[in-house]
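Have a look at the structure below before the remarks.
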Amino acid sequence: MVNTQPIFIKNPIIWTVTLTNEVVNRSPGAAVPKLLGTAGTNGTLIEAIQAYPLGDIVASPLRIFLKAPSSSDYVLLAETSLTSVSGSGNTTAIANYPIEVTLPRILFPASQTPATPNRGLRLPTGYALYAALGTATAGVIVTATGGDY
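The letter at position 133 of the sequence shown is residue 777 when you use our numbering, and the numbering goes up by one with no holes.
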């Protein structure tokens, strides 16, 4: 059956997690990424994922994983490079802009082009997003914004 009625988010969400030593390879083994958030009862729309340095950080990959509720496997969904930040004492501002995490193109309709807006990531009920670093660092806060259906 085709849904002929548009759906909108009911409750906005902001998921956050702070990463420091959560170092996980692209294919997690014993190391476990840190939970960013779990989709609600009717699913969740993630519109953006951003990362902010919490001080001096070394360059590191930031990895976002997807986990199904009935699985113990973490699937690499997106990866981006965090550049090093230094000189963040009380007299020097650190990067005050978000580091955007680009979600894979395969998650969007084929008709989407770089000129069209991001339509977001739709998570089914119970699916969860996890985050991890490739290198231990002083701290990065990862934020996902969107809403529950």
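In this text, a Cβ means the ideal position worked out from N, Cα and C, and glycines have one as well.
Rounded to the nearest whole angstrom, the CA to CA distance from I701 to Q649 is 46 angstroms. S671 and G687 have their alpha carbons spaced roughly 26 angstroms apart. Of the other Cβ atoms in all chains shown, 16 or more fall within 10 Å of the Cβ of S704; this residue is therefore buried. Of the candidates E666, L721, Q694, Q694 places its Cα closest to the Cα of V786. Within 10 angstroms of the beta-carbon of K654 lie fewer than 16 other beta-carbons, which makes it exposed. With contacts defined by Cβ atoms closer than 9 angstroms, Y774 and V667 do not form a contacting pair.
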